[in-house]
Amino acid sequence: MTKKKPEPERIPDPDPYRTPGLEPGGGVPPGETPPAEGSTPDAGPQETYNPTKGWSTGPVIVILVLVAFFVAFCVAYAITV
1292 MTKKKPEPER IPDPDPYRTP GLEPGGGVPP GETPPAEGST PDAGPQETYN PTKGWSTGPV
1352 IVILVLVAFF VAFCVAYAIT V
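The sequence shown lines up with residues 1292 to 1372 when you count with our numbering.
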(Lines of atoms letter the chains of each structure in order from A and count residues from 1; the text may use other names and numbers.)
(Lines give C-alpha, C1' and ligand atoms only; values in the text may rest on other atoms or scores of the structure.)
Protein backbone atom coordinates (compact mmCIF):
# COMPACT_ATOMS: atom_id res chain seq x y z
CA MET A 1 0.00 0.00 0.00
CA THR A 2 1.41 3.40 -0.98
CA LYS A 3 1.01 6.43 1.18
CA LYS A 4 -0.51 9.50 -0.38
CA LYS A 5 1.18 12.79 0.15
CA PRO A 6 -1.05 15.24 2.00
CA GLU A 7 -2.15 18.09 -0.24
CA PRO A 8 -0.88 21.51 0.78
CA GLU A 9 -3.51 24.00 1.86
CA ARG A 10 -4.92 26.10 -0.93
CA ILE A 11 -3.71 29.69 -0.86
CA PRO A 12 -6.53 32.11 -1.84
CA ASP A 13 -4.17 34.65 -3.41
CA PRO A 14 -3.10 33.90 -6.99
CA ASP A 15 0.54 33.46 -7.86
CA PRO A 16 1.71 36.88 -9.12
CA TYR A 17 4.04 35.20 -11.63
CA ARG A 18 1.13 33.41 -13.31
CA THR A 19 -1.54 36.14 -13.01
CA PRO A 20 -2.40 37.61 -16.43
CA GLY A 21 -2.28 41.38 -16.79
CA LEU A 22 0.44 42.06 -14.24
CA GLU A 23 3.73 43.61 -15.21
CA PRO A 24 6.95 42.71 -13.46
CA GLY A 25 6.88 44.32 -10.04
CA GLY A 26 3.11 44.03 -9.69
CA GLY A 27 1.99 46.98 -11.81
CA VAL A 28 -1.00 46.89 -14.14
CA PRO A 29 -0.58 48.04 -17.74
CA PRO A 30 -2.97 50.61 -19.23
CA GLY A 31 -6.08 49.03 -20.65
CA GLU A 32 -6.28 46.32 -17.99
CA THR A 33 -8.24 48.47 -15.53
CA PRO A 34 -11.84 49.56 -16.02
CA PRO A 35 -12.51 53.18 -16.98
CA ALA A 36 -13.02 55.74 -14.24
CA GLU A 37 -16.58 55.97 -12.99
CA GLY A 38 -18.53 59.08 -12.06
CA SER A 39 -19.00 59.92 -8.41
CA THR A 40 -22.27 59.86 -6.48
CA PRO A 41 -22.98 63.63 -6.72
CA ASP A 42 -23.07 63.30 -10.50
CA ALA A 43 -25.84 60.70 -10.30
CA GLY A 44 -28.84 62.89 -9.42
CA PRO A 45 -30.75 65.51 -11.34
CA GLN A 46 -29.20 68.92 -11.86
CA GLU A 47 -30.19 71.28 -9.02
CA THR A 48 -31.01 74.73 -10.35
CA TYR A 49 -32.34 76.43 -7.18
CA ASN A 50 -29.52 77.41 -4.83
CA PRO A 51 -30.78 79.71 -2.09
CA THR A 52 -28.36 82.03 -0.34
CA LYS A 53 -26.74 80.67 2.77
CA GLY A 54 -26.96 82.43 6.10
CA TRP A 55 -29.54 84.50 7.91
CA SER A 56 -31.32 87.46 6.42
CA THR A 57 -31.54 90.71 8.38
CA GLY A 58 -35.21 90.40 9.39
CA PRO A 59 -34.95 87.27 11.59
CA VAL A 60 -31.72 88.53 13.18
CA ILE A 61 -33.39 91.82 14.18
CA VAL A 62 -36.42 90.01 15.62
CA ILE A 63 -34.20 87.73 17.70
CA LEU A 64 -32.12 90.65 18.97
CA VAL A 65 -35.27 92.57 19.99
CA LEU A 66 -36.60 89.51 21.87
CA VAL A 67 -33.24 89.08 23.64
CA ALA A 68 -33.23 92.79 24.58
CA PHE A 69 -36.76 92.47 26.06
CA PHE A 70 -35.72 89.39 28.03
CA VAL A 71 -32.60 91.10 29.41
CA ALA A 72 -34.64 94.21 30.32
CA PHE A 73 -37.21 92.02 32.11
CA CYS A 74 -34.47 90.19 34.05
CA VAL A 75 -32.81 93.50 35.08
CA ALA A 76 -36.17 95.01 36.13
CA TYR A 77 -37.04 91.91 38.12
CA ALA A 78 -33.62 91.90 39.83
CA ILE A 79 -34.05 95.54 40.86
CA THR A 80 -37.53 95.03 42.33
CA VAL A 81 -36.74 91.89 44.29
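All C-beta atoms in this analysis are idealised placements derived from N, C-alpha and C, irrespective of residue type, glycine included.
Boundaries of the alpha helix (DSSP H) harbouring Val1358: Thr1348 to Thr1371, taken from the DSSP string. In terms of Cβ geometry, Gly1316 and Glu1323 do not form a close pair [threshold 8 Å]. A distance below 8 Å separates the beta carbons of Pro1320 and Glu1314. CA-CA distance, Ala1369 to Ile1354, rounds to 23 Å.
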